[in-house]
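Visitor:
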Amino acid sequence: MKRRDLLKHMGAALPAAALSGVATAADAVAPGAALPIASGPFAPAWDSLDKYQVPDWFRNAKFGIWAHWGPQCEPEFGDWYGRLMYEEGSDAYRHHLRKYGHPSQFGFKDVIHRWKADKWQPDELVAMYKKAGARYFVAMANHHDNLDLYDSRHQPEWNVTKVGPRKDLIAGWSKAARANGLRFGVSVHAAHAWTWYELAQGADKAGPHAGVAYDGNLTRLDGLGKWWEGLDPQGLYAQRHPLSKAGGDGGVQYEQWHWAGGAAIPDQAYCEKFFHRTRDLIDSYDPDLVYYDDTVLPLWPVSDVGLRLAAHMYNRSIATKGKLEAVVNGKILNPQQRRSMVWDIERGQSNQIEELPWQTCTCIGNWHYDRRVYDNRSYKSAQTVVHTLIDVVSKNGNLLLNIPVRGNGSIDAQERAIVGEIGRWMARNGEAIYDTRPWAVFGEGPVMEEAVQMSGAGFNEGKSKPFSAADIRFTAKGESVFAFVMGWPQDGKVTIKSLRSASPYLKKRIARVELIANGFPLAFRQTADGLEVTLPRDQPPLSYANALKIS
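The numbers in this note's numbering rise by one with no breaks, and the one at position 119 of the sequence shown is 119.
Given below as structure tokens:
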């Protein structure tokens, strides 16, 4: 029997909980022992989890904003800095030498020490995101760098109340989100620290520091007389293990990312510590949504940790709220797994209406703040974001949009302008986004006809031709159909083929068409070729996406 099949059967045999009621993060646990999960109808097995139903709040929200913010934003040099700074010759390595020094003397633990987040104002930021139209807000709780951004009982040395900012970031974000009436979520990425940090075990192969080890194998005893005296770097780096198989992909991509292809497999203590940390996060901060940056679930299929976390969150939600209000996101899911959680597509979109609700996660720049994006003025425009949102919603999805946060906790002026413009568009057109469901077809036009297929976790974003006034996307609510015209036609006329007089999708003839942005009724004619609509002479603001309400 293959390992994946064996673990599936093992997971099916695990009990739903060892205790009655809701288990809490304060439960005593012996070293190495597993905390129980909350009791309830869900067991940590796919045949149990696939009874999950996506809550209405998520289906209705459509748009969330994400703060993918942590210590890797301190250098303001983009994604995966905590790994790439150890990759000799890389851009991040060269930047690190210039700004901080050699990684044998100034490692990522020292970047954390430098990070102060002294200009972070969560209330102001989340209020801005609410004004932009977000209905849920997600904060990163840890990344592959393994630092917990909350008061973590099971990562007691390497969390932000003890090092770096010395304040509970998840508590601050959670309070701000709830004060603004938004659903609150967290993203969890730390399961991959085991292989992600493997470069920190190495050393330069050439140059003045050839053979001088980086700091990935340091221990508590090495900290005598240093700022981190008393702290164990292995609580952060977790590198006292053999490297992933040589000739693979360094433990971070493709098959080794999925814990195959010769990846170094985490030991049980690492897996259980991850479970304890994440259960503590769920119990202490009560998120409505947990986004796992993993293939399927954390540590799947080499551990049942992810299954236990999903079952715990669902059962806990039922026990504390009276019904299942929880959302769990995972990537690259098979059909049963898609029924068990909400499928997330990274930087890409499905090319069809999905039967089950799903989510696209993307960013206006890089995931971690990158000053080069600002300097080059290369953020996504508000127009691109709005077009993506419409396309995703037309196919039964939500959009989770990251606005990169600077190391100091602020966002820059260009980002503020983009967020503000999204908000102005949403204020005019949100009726056609919120609380809607897919219509009979998601759209028509040249982008649909030449769509690019997804690769792996997604990554087909920006590979199709740009939207234009020839592209239409649909949503529906009650007796109304909404048609988004993805541009302003030069002649002021729109023909929507799917709404022709003999359309199989219409039960009645069309009685009224209006432009939602101003509420004005529009002249129209329904023919055998399509619904012909004449737009107003005066082009409204932000007319790169125009919602028509058809009754």
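Every residue, glycine too, gets a C-beta built ideally from N, C-alpha and C. Since the structure is predicted, the reported quantities are computational estimates derived from the model, not experimental observations.
(1) Among N546, L97, G133 and P75, whose alpha-carbon lies nearest the alpha-carbon of A117?
(2) Just to confirm my understanding: we take N518, look at its own chain, exclude 5 residues before and 5 after, and list those with CB closer than 7 Å. What are they?
(3) State whether the segment 145 to 165 contacts the segment 96 to 107, with contact taken as three or more CB pairs (one from each stretch) at a distance under 8 Å.
(4) If you count every other CB in all the chains shown that lies within 10 Å of the CB of R537, and 16 or more means buried, which is it?
(5) Which residues in the same chain as L297 place their Cβ atom closer than 6 Å to its Cβ, once the five residues preceding and following it in sequence are excluded?
(6) Which runs of the beta strand (DSSP E), 3 residues or longer, sit entirely within the segment 383 to 436?
(7) Exposed or buried, T553, counting other C-beta atoms within 10 Å across all chains shown (16 or more means buried)?
(8) Just how far apart, CA to CA, sit L243 and E198?
(9) Tell me, please, whether the segment 64 to 82 touches the segment 375 to 392 by the rule of three or more beta-carbon pairs shorter than 8 Å.
(10) What's the C-alpha gap between A483 and T360?
(11) DSSP has F474 in a bridge; who is on the other side?
(12) Determine the extent of the beta strand (DSSP E) in which Y129 is found, giving its start and end residues.
(13) How many angstroms separate the CA atom of G487 from the CA atom of K493?
(14) Tell me which residues share the same chain as E325 and place their Cβ nearer than 7 Å to its Cβ, disregarding the 5 neighbours each side in the sequence.
(15) In whole angstroms, give me the CA-to-CA distance for A545 and V485.
(16) Where does the unbroken beta strand (DSSP E) through D344 begin, and where does it stop?
(17) When the Cα of I37 is compared with those of R308, A382, Q337 and N396, which residue comes out closest?
(18) Is the segment 86 to 94 touching the segment 162 to 171 in the sense that three or more CB pairs, one from each, lie closer than 8 Å?
(19) I'd like the list of long-range same chain contacts for G423, defined as Cβ closer than 7 Å, with 5 residues on each side in sequence excluded.
(20) Excluding sequence positions up to five away, which residues of its chain have a Cβ less than 7 Å from the Cβ of H387?
(21) At the level of alpha carbons, what is the spacing between D435 and K477?
(22) Using the Cα positions of L125 and V138, report the straight-line distance between them to the nearest angstrom.
(23) Who are P521's beta bridge partners in DSSP?
(24) If we call anything under 7 Å between Cβ atoms a contact, is G211 one with Q239?
(25) Could you check if F520 is buried or exposed, using at least 16 other CB atoms within 10 Å of its CB as the buried criterion?
(26) According to DSSP, is E198 helix, strand or coil?
(27) Is the segment 178 to 192 in contact with the segment 225 to 232, if contact means three or more CB pairs nearer than 8 Å?
(28) Throw me the rounded Cβ distance for the A200 and Y270 pair, which I believe falls under 8 Å.
(29) Ordered along the chain, which non-local residues of its own chain (more than five positions away) have a Cβ less than 8 Å from that of A203?
(30) Which of the three DSSP states is assigned to R509 in this structure?
(31) Give the straight-line distance between the Cα atoms of P266 and I390, rounded to the nearest whole angstrom.
(32) Along the chain, where does the alpha helix (DSSP H) containing W358 start, and where does it finish?
(33) Does the distance from the C-beta atom of Y379 to that of Q337 stay below 7 Å?
(34) Could you tell me the distance, in whole angstroms, from the CA atom of Q155 to the CA atom of A440?
(35) Could you tell me which residues DSSP puts in a beta bridge with Y136?
(36) H192 and H241: beta carbons closer than 7 Å?
Guide: If we stick to the structure as given:
(1) The residue among N546, L97, G133 and P75 with its C-alpha nearest the C-alpha of A117 is P75.
(2) P540
(3) Touching, no.
(4) exposed
(5) Correct list, in chain order: G306 and G330.
(6) 397 to 402
(7) The requested residue 553 does not occur in the structure, where the chain is confined to residues 1 to 551.
(8) 6 Å
(9) The segment 64 to 82, when compared against the segment 375 to 392, does not touch it at the 8 Å Cβ threshold.
(10) 21 Å
(11) A483
(12) Per DSSP, Y129 belongs to no beta strand (DSSP E); it is in the alpha helix (DSSP H), P122 to K131.
(13) G487 and K493: Cα-Cα distance of roughly 11 Å.
(14) Excluding sequence positions up to five before and after E325, its CB lies within less than 7 Å of the CB of P55, W57, D288 and S317, all in the same chain and listed in chain order.
(15) 6 Å
(16) Start and end: V342 to E346.
(17) Per the Cα distances, R308.
(18) no
(19) K131, A132 and G133
(20) Excluding sequence neighbours, H387 sits near F467, M486 and A545.
(21) About 7 Å.
(22) L125 and V138 have their C-alpha atoms some 12 Å from each other.
(23) Paired residues: E514.
(24) no
(25) exposed
(26) helix
(27) no
(28) Contact flag wrong, Cβ pair sits at about 16 Å.
(29) The answer, listed in chain order, is S104, H209, A210, G211, V212, A213 and Y214.
(30) coil
(31) 41 Å
(32) Run containing W358: none in the alpha helix (DSSP H); it sits in the beta strand (DSSP E), W358 to C363.
(33) With contacts defined as CB atoms closer than 7 Å, Y379 and Q337 fail to qualify as a contacting pair.
(34) 49 Å
(35) G64 and R183
(36) The criterion of a C-beta distance shorter than 7 Å is not satisfied by H192 and H241.
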